[in-house]
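Under this note's numbering, think of the first position of the sequence shown as 2, with each following residue one higher.
No residue lacks a Cβ here, since even glycine has one placed at the ideal position from N, Cα and C.
Input: a single structure, listed below in structure tokens.
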Amino acid sequence: MKKLLASLFVLILTVTLAACGDSSSKEGDKSTEKKSNDKFVIVWYPNESGKDLKGARDAIGKVFEDATGKKVEHKLTTDYAIAIETIANGKANAAFMGAEGYIQAREKSENVEPLVVPSGPSGTKDDALYYSWFAVTPENMDTYKTGEGKYSLDKFEGKKMSFVSPSSTSGFKVPSSILVKHFSENEKYKDLKADDLTEGGGLFKEVLFGDSHQGSAVNLIAGRADVAAFCDTCVSNYVELKSGDENKAGAVYKIKEGAEAPFTQYAGKEFGILSSTPVLNAPFVVNKETLSDEEIEKIKKELTSDKISNDKTIFLPEDSEESGLFKKTDKEKFVEVDDKWFDEIRNLEK
């Protein structure tokens with residue numbers, strides 16, 4: 002009897018250990034499967050989700066495919082918040098997003114990590130910048146003018162204002178910090194906060210969000226807004242300089258003939274720049290929980306290679322008529338960045 006009980010105990014213990022081992026093995030398999038999925042998802046902001054930028058997205062997608070051996074799937078969006086949530090929760094492996102969007106995604110998940118940004122003409126991070134604009138229609142520029150090439154924010158009060166998205170760096174974070182700093186010196190607005198600028202009835206009569214930089218520009222030229230915030234790079238494929246200097250106050254831009262949506266019906270329409278503020282370039286980021294360390298290093302190596310910096314489908318020649326994300330004016334390339342590089346944007350409200 003004792004021998005029978007002992008045999009039964011050994012049998013039960015063996016089965017239990019086997020089950021535990023099988024469970025552990027399955028969990029390990031799931032972890033491996035998660036990091037070796039044969040699909041690689043890149044999520045894009047609304048600004049880069051247009052049909053005219055399909056070629057640019059595909060060119061970038063090929064870089065990730067070559068680095069990982071995985072088939073790239075592009076997830077296009079109509080809302081910044083969707084893109085931010087998608088990369089934060091690991092439903093996407095990578096994203097191209099502004100500094101503020103990256104910061105918000107990082108706050109949701111520390112697995113979100115910046116890889117590279119496009120450099121400036123020097124080929125370094127030192128001039129890795131683009132520009133945030135306050136724009137109005139040319140006929141209204143004199144309303145804000147205080148001198149040659151100088152314009153005041155004072156007359157913004159009571160206007161209809163268009164931003165891009167509360168998650169946009171150059172379309173909200175930077176312009177709102179400028180407005181708060183300026184108007185909080187006025188006793189009437191001494192307690193003004195960025196959140197106060199998301200709706201009308203305070204500083205502004207009405208506040209609109211374009212959901213993309215292109216959308217904010219359209220709000221202006223369509224007459225829905227008196228003033229609009231948007232950036233130079235996101236509208237560069239659709240506009241040409243009519244007068245003044247690039248990215249300088251006083252410059253006037255015109256919508257090109259044959260411009261793609263959402264500017265199709267606005268060819269010839271113009272807008273003028275009241276202020277132009279440099280902003281840190283947007284990073285490519287990954288969710289490191291969805292990738293192995295080896296894959297992340299391969300992606301970095303591929304993106305920062307001379308082959309990519311000289312690829313004319315990614316860094317378009319300066320005189321190219323094609324729509325693209327990046328231009329080659331001198332030594333532009335992708336350069337590595339870390340989280341600390343974005344503290345300048347992170348600290349704007351402090």
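Asked: Any C-beta of chain B under 8 angstroms from that of L242; Found: Protein chains in the displayed structure number just one, and chain B is not present.
Asked: Backbone secondary structure at V137 - three-state DSSP; Found: strand
Asked: Opposing strand residues paired with M162 [DSSP bridges]; Found: V208 and V228
Asked: As assigned by DSSP and simplified to three states, the class of K194; Found: coil
Asked: As assigned by DSSP and simplified to three states, the class of D30; Found: Reliability of the predicted coordinates at D30 is poor, the pLDDT of 44 falling under 50, and no value is obtained from them.
Asked: Beta-carbon proximity list for L142, same chain, < 6 angstroms, skipping 5 on both sides; Found: Per the sequence presented here, residue 142 reads as Met, with Leu not at that position. Once the five neighbours on either side are set aside, the close Cβ partners of M142 are G273.
Asked: Nearest-angstrom beta carbon gap, P139 and V253 [assumed within contact, 8 angstroms]; Found: 5 angstroms
Asked: Per DSSP, the bridge partner or partners of W45; Found: F97
Asked: Helix, strand or coil at K301 according to DSSP, with G and I counted as helix; Found: helix
Asked: Span of the alpha helix (DSSP H) around L221; Found: H214 to I222
Asked: E295 to I61 span [Cα, whole Å]; Found: 19 angstroms
Asked: Y131, DSSP secondary structure in three states; Found: strand
Asked: Residues of its chain near S321, where Cβ-Cβ distance is below 8 angstroms and the 5 sequence neighbours each way are ignored; Found: K313 and K328
Asked: Sub-8 angstroms separation of K76 and A93 beta-carbons; Found: yes
Asked: M69 classed as buried or exposed, judged by whether at least 16 other C-beta atoms fall within 10 angstroms; Found: A quick correction: the sequence has Thr, not Met, at residue 69. Buried is the call here.
Asked: Own chain, CB closer than 8 angstroms to V117, minus 5 neighbours either side, in chain order; Found: P284, F285, K301, L304, T305, F335, V336, E337 and V338
Asked: CA-to-CA distance, N112 to K194, given in whole angstroms; Found: 30 angstroms
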